[in-house]
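Asks: Provided herewith is a single structure, encoded as structure tokens, for subsequent inquiry.
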Amino acid sequence: MEVRSENNIQVRCDKIPSQLIPRTRLQVWFFRVCSSILLWTCLIQLLAVCELWHPRLLTGLTNRIPWTSRPPLRLQHSLHSPPPLPPPRNYRSNGFLKVSCNGGLNQMRAAICDMVIVARLLNLTLVVPELDKTSFWADPSDFGDIFDVSHFIDSLRDEVRIIKRLPKKFSRKYGFQAFQMSPVSWSNEKYYLEQILPLFSKHKVVHFNRTDTRLANNGIQLDLQKLRCRVNFQGLKFTPEIETLGYKLVRILQDKGTFVALHLRYEMDMLAFSGCTHGCTVEEAEELKQLRYAYPWWREKEIMSEERRQQGLCPLTPEEATLVLQALGFDKETQIYIASGEIYGSERRLASLRAAFPHIVKKETILDPAELQQFQNHSSQMAALDFMVSVASNTFIPTYYGNMAKVVEGHRRYLGFKRSILPDRKKLVELLDLHQNGTLPWNDFALAVRQVHEKRMGQPFRRRIIPDKPKEEDYFYANPEECLCEGTKCEDLIRTWTNIVWIMQQSGSGLNAQTHPFIQHMHLKEFCKKRLLKIPPPPLCFFVG
Numbered sequence: 014m015e016v017r018s019e020n021n022i023q024v025r026c027d028k029i030p031s032q033l034i035p036r037t038r039l040q041v042w043f044f045r046v047c048s049s050i051l052l053w054t055c056l057i058q059l060l061a062v063c064e065l066w067h068p069r070l071l072t073g074l075t076n077r078i079p080w081t082s083r084p085p086l087r088l089q090h091s092l093h094s095p096p097p098l099p100p101p102r103n104y105r106s107n108g109f110l111k112v113s114c115n116g117g118l119n120q121m122r123a124a125i126c127d128m129v130i131v132a133r134l135l136n137l138t139l140v141v142p143e144l145d146k147t148s149f150w151a152d153p154s155d156f157g158d159i160f161d162v163s164h165f166i167d168s169l170r171d172e173v174r175i176i177k178r179l180p181k182k183f184s185r186k187y188g189f190q191a192f193q194m195s196p197v198s199w200s201n202e203k204y205y206l207e208q209i210l211p212l213f214s215k216h217k218v219v220h221f222n223r224t225d226t227r228l229a230n231n232g233i234q235l236d237l238q239k240l241r242c243r244v245n246f247q248g249l250k251f252t253p254e255i256e257t258l259g260y261k262l263v264r265i266l267q268d269k270g271t272f273v274a275l276h277l278r279y280e281m282d283m284l285a286f287s288g289c290t291h292g293c294t295v296e297e298a299e300e301l302k303q304l305r306y307a308y309p310w311w312r313e314k315e316i317m318s319e320e321r322r323q324q325g326l327c328p329l330t331p332e333e334a335t336l337v338l339q340a341l342g343f344d345k346e347t348q349i350y351i352a353s354g355e356i357y358g359s360e361r362r363l364a365s366l367r368a369a370f371p372h373i374v375k376k377e378t379i380l381d382p383a384e385l386q387q388f389q390n391h392s393s394q395m396a397a398l399d400f401m402v403s404v405a406s407n408t409f410i411p412t413y414y415g416n417m418a419k420v421v422e423g424h425r426r427y428l429g430f431k432r433s434i435l436p437d438r439k440k441l442v443e444l445l446d447l448h449q450n451g452t453l454p455w456n457d458f459a460l461a462v463r464q465v466h467e468k469r470m471g472q473p474f475r476r477r478i479i480p481d482k483p484k485e486e487d488y489f490y491a492n493p494e495e496c497l498c499e500g501t502k503c504e505d506l507i508r509t510w511t512n513i514v515w516i517m518q519q520s521g522s523g524l525n526a527q528t529h530p531f532i533q534h535m536h537l538k539e540f541c542k543k544r545l546l547k548i549p550p551p552p553l554c555f556f557v558g
């Protein structure tokens with residue numbers, strides 16, 4: 014107790030214990046926190062109820078969000094909430110199919126589609142495929158590092174049961190050994206039903222250790238061919254990390270105008286594998302030969318480079334690609350994205366291309382190094398970025414008709430026959446040599462190049478079938494015609510495009526770099542609105558302005 018004297022009046026005050034003050038403040042603070050949490054909870058519940066009963070009630074609020082905080086309009090379509098999952102298909106599984114894909118990204122992509130078809134045909138349970146980690150690229154990426162695993166499983170569950178891993182009783186830990194084999198290349202349904210299906214009755218788990226081109230291009234049931242497309246165009250979706258960066262690349266390029274994606278396949282592995290050394294120094298040719306001998310699964314060792322080039326079996330060199338682009342009508346203002354890995358010979362071999370086309374870019378020059386850091390030393394993930402840009406480009410030009418060129422071509426056909434100029438390398442080598450030795454003047458050379466490629470710009474046509482020679486046929490994934498039209502509609506589509514080509518030729522303008530994109534763009538807009546299949550187009554269709 015304390016006694017004070019104020020104005021000659023004594024006042025007694027009880028002193029509050031000091032230990033009670035912190036406790037009182039703590040209680041007040043605790044009460045305020047609890048009240049805040051309760052209020053926010055009530056507010057969220059209220060908003061949820063309002064949205065449930067009046068979905069447009071909050072439109073005014075969301076419209077006030079700055080546009081910079083939302084994805085661009087072109088991307089909003091692809092970022093909507095996913096459609097409801099299809100009901101799972103109920104069937105008695107005949108066993109488990111385990112597959113190990115081989116090759117680069119696009120070879121594995123096509124193989125994955127084929128393996129889904131095999132699992133559907135034989136009523137099997139498919140284990141999420143393993144990716145190649147032992148090839149030249151030595152990419153350690155797993156399936157889930159490149160593709161969205163959950164989407165892959167869920168989007169196809171009405172056709173095939175897919176699991177992430179085998180049940181424990183079929184693991185090596187428990188002493189189980191799966192039966193391993195490589196299916197015969199280009200096999201039809203009869204082969205799988207008669208030769209492969211009985212193996213599952215005996216072994217329960219069969220492991221395909223090679224999957225490249227193990228299913229025929231033609232002679233497959235229509236519903237299975239369409240399922241191939243569904244897996245390719247919808248089931249195999251890149252991871253959010255890859256898609257986000259890929260869309261950013263495309264957006265940056267599109268903001269600067271139209272652009273050409275040049276798949277310049279002049280990389281070390283391609284040159285070593287093909288034996289093509291045109292334009293290389295003696296030391297470089299020897300280095301490529303040594304690399305070819307270092308990989309036993311590259312069967313051909315002694316290769317005559319010039320002979321192979323004359324047959325049209327070599328990729329165009331950067332110098333040759335420069336002349337071809339100029340002959341096709343592309344000028345110095347053309348924006349060119351190089352969709353490839355490291356060019357053999359580096360900047361020395363790109364000098365002529367850069368001199369002719371100053372606006373050359375690569376993902377490494379567009380993006381910040383930190384953005385690409387997570388993809389370094391993962392060639393398949395880097396290739397996925399190039400794949401997205403190539404599909405979205407105004408014009409796609411591959412200098413070699415390999416797996417990426419074919420799969421990108423098929424995607425661009427699916428998107429409305431977007432222009433893909435497919436170089437006739439055999440004819441081009443002949444023309445290039447004539448021009449470079451002074452026999453063929455530039456104007457004649459340019460005219461000849463354009464004439465050779467008037468019907469090689471991604472127009473609709475029937476897939477070429479060669480019985481007993483599947484390697485020489487047109488590749489299914491380059492021209493999945495069963496997924497682009499049906500019955501008489503295919504002929505109508507081909508006839509329409511033939512008329513467009515004829516009109517342009519009669520007008521004297523031809524299908525050059527200036528006129529064809531306009532027709533292509535208009536056709537693509539309608540194509541994206543009116544799909545002939547009862548399945549939606551992939552997200553890249555929304556890049557069409």
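The working numbering applies: residue 14 is where the sequence shown begins, and numbers increase by one. For every residue, glycine included, the Cβ atom is placed at its ideal position computed from N, Cα and C.
1) Would you call the CB atoms of valine 273 and glutamine 348 closer than 8 angstroms?
2) With the cut-off set at 8 angstroms, would you say methionine 395 and asparagine 119 are in Cβ contact?
3) According to DSSP, is histidine 466 helix, strand or coil?
4) So, using beta-carbon positions, are arginine 227 and aspartate 152 closer together than 8 angstroms?
5) Who are the near neighbours of phenylalanine 388 in its chain, counting only those whose CB is closer than 6 angstroms to its CB and skipping five residues on each side?
6) By DSSP, does threonine 408 sit in helix, in strand, or in coil?
7) For the candidate residues Ser184, Leu212, Ala229 and Ile175, whose alpha-carbon lies nearest to that of valine 197?
8) Indicate the three-state DSSP secondary structure (helix, strand or coil) for leucine 262 in the structure shown.
9) Tell me the residue span of the beta strand (DSSP E) that contains methionine 194.
10) Three or more C-beta pairs under 8 angstroms: does that hold for the segment 264 to 282 against the segment 319 to 337?
11) CA-CA distance, lysine 419 and phenylalanine 189?
12) If contacts are defined as beta-carbon pairs under 8 angstroms, then aspartate 437 and histidine 466 qualify, I think. What distance do you get, rounded to the angstrom?
13) In three-state terms, what does DSSP make of isoleucine 175?
14) Could you check the C-alpha separation between glutamate 319 and glycine 288 for me, to the nearest Å?
15) Across the segment 137 to 145 and the segment 253 to 263, are there enough close Cβ pairs to call them in contact, namely three or more that are closer than 8 angstroms?
16) To the nearest angstrom, how far is the alpha carbon of arginine 243 from that of arginine 174?
17) With C-beta atoms as the reference, is tyrosine 308 less than 8 angstroms away from phenylalanine 149?
18) Please report the Cβ distance between threonine 290 and glutamate 296, rounded to the nearest whole angstrom; I am assuming they are in contact, meaning their Cβ atoms lie under 8 angstroms.
19) Go through its chain and collect everything with a Cβ distance to glutamine 323's Cβ below 7 angstroms, but skip five positions before and after it.
20) Scan the segment 436 to 497 and note each continuous alpha helix (DSSP H) run of 4 residues or more that stays entirely inside, going in chain order.
21) Output the distance between the C-alpha atoms of leucine 159 and phenylalanine 251, rounded to the nearest integer angstrom.
22) Where does aspartate 155 sit, in a helix, a strand or coil, going by DSSP?
23) Please confirm if the segment 368 to 382 is in contact with the segment 335 to 346, defined as three or more CB-CB distances below 8 angstroms between the two stretches.
24) For the beta strand (DSSP E) containing phenylalanine 221, list its first residue and its last residue.
25) Would you call the segment 439 to 454 and the segment 374 to 384 in contact, with 3 or more CB pairs under 8 angstroms?
26) For proline 181, I'd like the list of residues in its chain whose CB is within less than 7 angstroms of its CB, leaving aside the five on either flank, ordered along the chain.
27) State the DSSP-derived secondary structure class of histidine 424, mapped to helix, strand or coil.
28) Does chain B have any CB closer than 8 angstroms to the CB of glycine 117?
29) Have a look at the DSSP bridge pairing and note the partners of alanine 274.
30) Among the candidates Ile379, Ser359, Arg102 and Glu300, whose CA atom is the shortest distance from the CA of tyrosine 560?
31) Tell me the rounded alpha-carbon separation between proline 454 and threonine 335.
32) Does the Cβ-Cβ distance between threonine 138 and serine 106 come in under 8 angstroms?
33) Please classify arginine 133 as buried or exposed, where buried requires at least 16 other C-beta atoms within 10 Å of its C-beta.
34) Helix, strand or coil: how does DSSP classify serine 148 here?
35) Spell out the partners DSSP gives leucine 385 in its beta bridges.
36) Starting from phenylalanine 165, trace the alpha helix (DSSP H) both ways and give me its first and last residue.
Replies: Inspection of the coordinates gives the following:
1) yes
2) no
3) coil
4) no
5) Gln394 and Met395
6) strand
7) Of the candidates Ser184, Leu212, Ala229 and Ile175, the one whose C-alpha sits nearest the C-alpha of valine 197 is Ala229.
8) Leucine 262 carries a helical assignment under DSSP once its states are collapsed to helix, strand and coil.
9) 192 to 194
10) Contact between the segment 264 to 282 and the segment 319 to 337 is present, because at least three Cβ pairs lie under 8 angstroms.
11) 39 angstroms
12) 7 angstroms
13) In the structure shown, the three-state DSSP call for isoleucine 175 is strand.
14) Looking at the two C-alpha atoms, the distance is approximately 9 angstroms.
15) no
16) 15 angstroms
17) yes
18) About 11 angstroms separates the two Cβ atoms, so there is no contact after all.
19) Val442
20) Scanning the segment 436 to 497 for uninterrupted alpha helix (DSSP H) segments of 4 residues or longer gives 438 to 449 and 455 to 465, listed from N- to C-terminal end.
21) Before going on, a small fix: residue 159 reads as isoleucine here, not leucine. Straight-line Cα distance between these residues: approximately 6 angstroms.
22) Here aspartate 155 carries a coil assignment [DSSP, helix/strand/coil].
23) Remark: three or more beta-carbon pairs, one from each stretch, lie closer than 8 angstroms, so the segment 368 to 382 and the segment 335 to 346 are flagged as touching.
24) Residues 218 to 221.
25) no
26) According to the sequence displayed, residue 181 carries lysine and not proline. Correct list, in chain order: Tyr187.
27) helix
28) As a matter of chain content, chain B is missing from the structure shown, which is built from one protein chain.
29) Tyr350 and Phe409
30) This structure cannot settle anything about residue 560, because the visible part of the chain is limited to 14 through 558.
31) 16 angstroms
32) Contact annotation: threonine 138 and serine 106 have beta-carbon atoms nearer than 8 angstroms.
33) buried
34) coil
35) Note: leucine 385 sits in no beta bridge, so no partner.
36) 162 to 168
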